[in-house]
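Numbering (this note's numbering), first residue to last: 361 to 672.
No residue lacks a Cβ here, since even glycine has one placed at the ideal position from N, Cα and C.
Everything below concerns the one structure shown next.
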Amino acid sequence: MDIRRLRYFLQVAEFGSLNATAEQVNLSQPSLSRQIRLLEEELGVSLFTRRRDGMVLSRDGLELRTRILGPLRQLEMALDEIKSHSSQIGGSVVFGMPSSAIDALASPLARRASAFPNMAVHIVEGSAGQMLKSLERGEIDIALLNAPPTDTKWRCEIEDLFVEELVLAGSADAGLSIDNPVSVEDLAQLPLVLPSPPNHPPPIRALVEILSGLTDGKCNFPAYADSFQLTKSYVEAGIGYSVFPHSAVSHEAERGALTYAPISGHRLSRHMVLGTYPGGQYPRALERVKEMIKAEIVELAERNPSHVQLLF
Numbered sequence: 361m362d363i364r365r366l367r368y369f370l371q372v373a374e375f376g377s378l379n380a381t382a383e384q385v386n387l388s389q390p391s392l393s394r395q396i397r398l399l400e401e402e403l404g405v406s407l408f409t410r411r412r413d414g415m416v417l418s419r420d421g422l423e424l425r426t427r428i429l430g431p432l433r434q435l436e437m438a439l440d441e442i443k444s445h446s447s448q449i450g451g452s453v454v455f456g457m458p459s460s461a462i463d464a465l466a467s468p469l470a471r472r473a474s475a476f477p478n479m480a481v482h483i484v485e486g487s488a489g490q491m492l493k494s495l496e497r498g499e500i501d502i503a504l505l506n507a508p509p510t511d512t513k514w515r516c517e518i519e520d521l522f523v524e525e526l527v528l529a530g531s532a533d534a535g536l537s538i539d540n541p542v543s544v545e546d547l548a549q550l551p552l553v554l555p556s557p558p559n560h561p562p563p564i565r566a567l568v569e570i571l572s573g574l575t576d577g578k579c580n581f582p583a584y585a586d587s588f589q590l591t592k593s594y595v596e597a598g599i600g601y602s603v604f605p606h607s608a609v610s611h612e613a614e615r616g617a618l619t620y621a622p623i624s625g626h627r628l629s630r631h632m633v634l635g636t637y638p639g640g641q642y643p644r645a646l647e648r649v650k651e652m653i654k655a656e657i658v659e660l661a662e663r664n665p666s667h668v669q670l671l672f
């Protein structure tokens, strides 16, 4: 039996409304409705009568509330007391991360998390849009996001992390060099491999607008690639150039698979933030994961002081 569902049941009973309860517990209304439905399926009874003006406890619902109200409160107090005495941090935290940050941050974060055997950190990969939806649904607890979400319907809590410079990357034979910046005007003449227009993140959207102005809308895009790894493979094969965060290509550059150069004329960068689902089940573990993420970001900035600017 999931204790959270019992808590949600009591709160819906108190407020008499899924919408009002969802606001109170920072959960979407569909997610809350699903939790109540799962509880009813587990018990084999209907706990509420659903009406246009709200939710009313059924006979079985009234009996359940009477039976669990006191014991559940005592259980919660006992758990809180034990947690306050514990020196170990436990629980499971699901961390969403964009593909462009996997190489730089995933393995180092996993190594840090291994120092806490009672705590599991599950890293999942996805786009900013996918991760925002997963945060809203409570499927992930924390996510590294490209730029702060501007849509006010998202309830996740946002913390600024860093700004990172974007660089031009080409194949090993392209001859790009960190010591020879490429101007935006020269960039406009190169074949660029970018995501398809509906999937442009904010920095790429800004770049395409600049290039369109310079070329009268006749930019050279030999191929679109909506997968980050596919874009890299096209660039390595010499099909075209692309624009990446510096940390996303530094490993390939070190082993000679890619070359890269700074972009002059317009400073192109990405703004990274940390989004947190406010209803996480293991708050102490979540805070520790935040600390580990920030520690890795600090090390990233120390290794690349000219490319990464901390915001915390």
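Unbroken stretches of the beta strand (DSSP E), 3 residues or longer, contained in the stretch 587 to 638 = DSSP runs (the beta strand (DSSP E)) wholly in the stretch 587 to 638: 602 to 605, 618 to 621, 629 to 636.
Beta-carbon spacing of Val-357, Ala-645 below 7 angstroms | Since the first residue shown for the chain is 361 and the last is 672, residue 357 is missing from the structure and cannot be characterised.
Taking C-beta to C-beta, are Phe-455 and Ile-502 nearer than 7 angstroms?
-> The Cβ atoms of Phe-455 and Ile-502 sit closer than 7 angstroms to each other.
Please look up how many angstroms separate the CB atoms of Asn-506 and Leu-550, rounded, as I've assumed it's under 8 angstroms.
-> In fact, because the Cβ distance is near 23 angstroms, the residues do not count as touching under 8 angstroms.
Ignore the nearest five residues each way along the sequence and tell me which others in Leu-429's own chain have a CB closer than 8 angstroms to its CB.
-> Leu-370
What are the start and end residues of the beta strand (DSSP E) that includes Gly-456?
-> Element bounds for Gly-456: 451 to 457.
Note down, in chain order, each residue of its chain lying with its Cβ closer than 7 angstroms to the Cβ of Asp-520, except the 5 sequence neighbours on either side.
-> Val-633, Leu-671, Phe-672
Using a threshold of 7 angstroms, state whether the C-beta atoms of Ile-599 and Leu-528 are closer than that.
-> no
What did DSSP end up calling Gln-669 once you bin it into helix, strand or coil?
-> strand
Helix, strand or coil for Asp-520 per DSSP?
-> strand
So the alpha helix (DSSP H) Phe-581 belongs to, where does it begin and stop?
-> That residue, Phe-581, is in no alpha helix (DSSP H); it is neither H nor E in DSSP.
If you pair each beta-carbon of the stretch 582 to 593 with each one of the stretch 534 to 542, do three or more pairs fall below 8 angstroms?
-> The stretch 582 to 593 is not in contact with the stretch 534 to 542.
Assign Gly-414 to one of three DSSP states: helix, strand, or coil.
-> strand
Among Met-415, Val-553, Arg-427, which one has its Cα closest to the Cα of Ser-377?
-> Met-415
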